[in-house]
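S.K.: Numbers 6 to 357, taken from the numbering used here, label the letters of the sequence shown in order. Got a structure for you, questions after.
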Amino acid sequence: MSEVAAGWTSTTTLEAIAEWLRGKPRVVVLTHAKPDGDAIGATLGLVRSMRRVVSAAGGAAGDILAWYTGPMPGWMGDIASPDEWGHTDRGMPPDASDAVVVCDTGSWAQLEGLADYVRSRRSQTAVIDHHLTGEGEMGDRLWVEPAAAAACVPVAEVCRVLTGASTCAGLAKDIAEPLLLGCATDTGWYRFSNTNARLLRLAADLIDAGADQPRLYEVTEQRQRPARLYAIGRALSGMRLFHKDQLAVASITQKDIGDTEAAPGDTGGFADMMLAIRGVRVAAILTEVEQAPNAVVKMSVRSKPGPGAVDVNTIVSGLGGGGHARAAGAKVRMTLAEATDALVKATSEALG
Ligand SMILES: [Mn+2]
6 MSEVAAGWTS TTTLEAIAEW LRGKPRVVVL THAKPDGDAI GATLGLVRSM RRVVSAAGGA
66 AGDILAWYTG PMPGWMGDIA SPDEWGHTDR GMPPDASDAV VVCDTGSWAQ LEGLADYVRS
126 RRSQTAVIDH HLTGEGEMGD RLWVEPAAAA ACVPVAEVCR VLTGASTCAG LAKDIAEPLL
186 LGCATDTGWY RFSNTNARLL RLAADLIDAG ADQPRLYEVT EQRQRPARLY AIGRALSGMR
246 LFHKDQLAVA SITQKDIGDT EAAPGDTGGF ADMMLAIRGV RVAAILTEVE QAPNAVVKMS
306 VRSKPGPGAV DVNTIVSGLG GGGHARAAGA KVRMTLAEAT DALVKATSEA LG
């Protein structure tokens with residue numbers, strides 16, 4: 006485990022956050038840029054729970070909204086309705102809000118275009134996250150739970166308290182379903198080493214509540230564009246092994262993306278595929294975001310569990326990134342060659 010940054014620790018309880026949110030008619034719920042299933046699931050679950058409380062009291066709930074920034078997954082339209090969320094491409098969250106909740110990140114950098122909105126509202130902000138590192142000054146109310154496999158795990162508890170359900174099996178289906186999406190996607194559909202009994206019990210409750218897991222799987226995993234598969238082929242065919250074949254690194258260039266007509270979001274999950282190789286302990290996919298002279302590379306790093314598992318959060322922290330012990334990432338101002346060298350060096354030290 007890497008060291009947790011000073012101040013990055015819970016300052017309240019989930020029950021207190023739920024009571025603080027209860028009945029507020031204008032709430033902005035945010036998450037990291039380029040939101041994934043957990044980020045969208047947590048924010049939507051919270052929005053729908055708060056809306057339910059306000060509507061039940063006869064109030065107008067339309068000002069309780071999720072706001073996102075960066076590329077959105079292609080399945081968003083199958084999971085959320087347009088009146089539930091806004092996007093920085095079309096505007097900014099309203100100036101007047103009663104509360105701000107940030108889910109699934111505590112990093113100013115990851116909030117991108119929404120960071121300033123939170124910065125000027127820290128006293129009315131709650132952060133609910135499960136990452137190892139974050140910035141404790143982001144909000145007056147913090148719930149930091151690195152042991153939670155998904156942000157949706159603590160968020161489900163807030164939803165339960167808010168809506169007065171005795172267990173999460175009693176949540177409304179439209180709240181349970183996005184929460185199940187977060188549980189499933191942040192654990193690689195229950196395959197990654199962060200999958201634990203608590204998350205599986207919650208998932209079971211959410212399925213009892215009516216969440217349709219086969220539908221979620223089909224919508225999010227089985228509607229990929231051929232371009233993504235062509236891009237995977239390009240990246241994997243250039244894969245290289247380092248440090249006694251224990252580190253696998255593949256990269257994808259702007260040219261690869263152009264040639265295959267892949268979208269920026271099409272490279273998710275590539276690193277996990279390389280962990281399929283016997284003997285590989287760490288795998289990384291490097292995506293060229295900007296070409297030289299202002300080169301920017303996004304690295305996504307994964308490691309296998311078990312004895313001697315490598316803490317990839319520590320590796321990418323040294324490069325300005327962060328995440329979890331088995332899955333982390335960074336964005337670096339380097340060329341692909343420089344980023345590969347930096348990663349090989351940092352990982353070789355960790356591999357010993
Ligand atoms: Mn997450």
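Ideal Cβ positions, reconstructed from N, Cα and C, are used throughout, including at glycine.
1) Using only Cβ atoms and a threshold of 5 Å, which residues come within that distance of a heavy atom of ligand 1? Order them by chain position.
2) In the DSSP assignment, the alpha helix (DSSP H) including Y222 goes from what residue to what residue?
3) Given a threshold of 16 other Cβ atoms within 10 Å of its Cβ, counted over all protein chains shown, does D41 qualify as buried or as exposed?
4) Straight-line CA distance for D191 to A155?
5) According to the neighbour-count rule (16 or more other Cβ atoms, all chains shown, within 10 Å of its Cβ), is L234 buried or exposed?
6) Secondary structure at L176, three-state DSSP: helix, strand or coil?
7) Which residue marks the beginning of the alpha helix (DSSP H) containing D83, and which one marks its end?
8) Alpha carbon to alpha carbon, how far is G169 from G274? Give it in angstroms, no decimals.
9) Evaluate P312 with the Cβ neighbour count: other Cβ atoms within 10 Å of its Cβ, from every protein chain shown; 16 or more gives buried, anything less gives exposed.
10) Excluding the 5 residues flanking A300 on each side, which residues of the same chain have their C-beta closer than 8 Å to its C-beta?
11) What separation, rounded to the nearest whole angstrom, lies between the Cα atoms of D103 and L348?
12) Give me the residue from V285, L221 and G325 with the minimum Cα distance to H248.
13) Leaving out five residues before and five after Q115 in sequence, what residues of the same chain have Cβ atoms less than 7 Å from its Cβ?
14) Buried or exposed for Y195, please, with buried defined as at least 16 other CB atoms from any protein chain shown within 10 angstroms of its CB.
15) Cβ atoms of L19 and V166: under 8 Å apart, would you say?
16) According to DSSP, is A21 helix, strand or coil?
17) Apart from the five residues just before and just after P159, which ones in its own chain have a Cβ nearer than 8 Å to its Cβ?
18) In chain order, which continuous runs of the alpha helix (DSSP H) of length 4 or greater are located wholly inside the stretch 269-319?
19) Out of curiosity, what's the CA-to-CA distance linking A216 and P87?
20) Check whether the Cβ atoms of S308 and R331 lie closer than 8 Å to each other.
21) If you draw a straight line from the alpha carbon of V224 to that of P78, how long is it in whole angstroms?
22) Can you tell which of N201, L291 and E142 has the C-alpha that lies nearest to the C-alpha of I257?
23) Flag this pair as yes or no: are the beta carbons of L221 and L185 separated by less than 8 Å?
24) Could you give the distance in angstroms between the alpha-carbon of A10 and the alpha-carbon of C157?
25) To which residues of the same chain is T265 closer than 7 Å at the C-beta, ignoring the five residues directly before and after it?
26) Beta-carbon separation of A62 and G28 under 8 Å?
27) If we ignore side chains and look at the alpha-carbon of each, how far apart do S322 and A65 end up?
M.R.: Inspection of the coordinates gives the following:
1) Near ligand 1, meaning a beta-carbon closer than 5 Å to one of its heavy atoms, we find D43, D109, A156 and D191.
2) First-last of the alpha helix (DSSP H) with Y222: Q218 to E226.
3) Taking every protein chain shown into account, the CB of D41 has 16 or more other CB atoms within 10 angstroms, so this residue is buried.
4) In this structure, the straight-line span from the alpha carbon of D191 to that of A155 is close to 6 Å.
5) Exposed.
6) Coil.
7) First-last of the alpha helix (DSSP H) with D83: M81 to I84.
8) Linking G274 to G169 through their CA atoms gives a straight-line distance of about 37 Å.
9) Burial call: exposed.
10) Cβ contact annotation for A300 (same chain, cutoff 8 Å, sequence separation greater than five): E293, R338, M339, T340, L341 and E343, in chain order.
11) Looking at the two C-alpha atoms, the distance is approximately 43 Å.
12) Its Cα nearest to that of H248, the residue V285 stands out among V285, L221 and G325.
13) Only H37 and A38 meet the Cβ criterion.
14) Around the CB of Y195, fewer than 16 other CB atoms lie within 10 Å, so the residue is classed as exposed.
15) Yes; because the gap between Cβ atoms is below 8 Å, this pair is in contact.
16) The answer is helix: DSSP assigns A21 an H, G or I state.
17) Result list for P159: L19, I133, H135, W148, E150 and A153, in chain order.
18) If only uninterrupted alpha helix (DSSP H) runs of at least 4 residues are considered, those enclosed by the stretch 269-319 are 275-279.
19) If you draw a straight line from the Cα of A216 to the Cα of P87, it comes to about 20 Å.
20) Result yes, Cβ atoms of S308 and R331 sit closer than 8 Å.
21) Cα to Cα, V224 sits roughly 11 Å from P78.
22) For the residues N201, L291 and E142, the minimum Cα distance to I257 belongs to L291.
23) Yes, the pair counts as a contact, with Cβ atoms nearer than the cut-off.
24) Legend: pLDDT at A10 = 48, less than 50; position of this residue unreliable, value from coordinates given subsequently. In this structure, the straight-line span from the alpha carbon of A10 to that of C157 is close to 22 Å.
25) Closer than 7 Å at Cβ, skipping near neighbours: A232, Y235, A236 and R239.
26) Taking 8 Å as the Cβ cut-off, A62 and G28 qualify as a contacting pair.
27) Between S322 and A65, the C-alpha separation is close to 44 Å.
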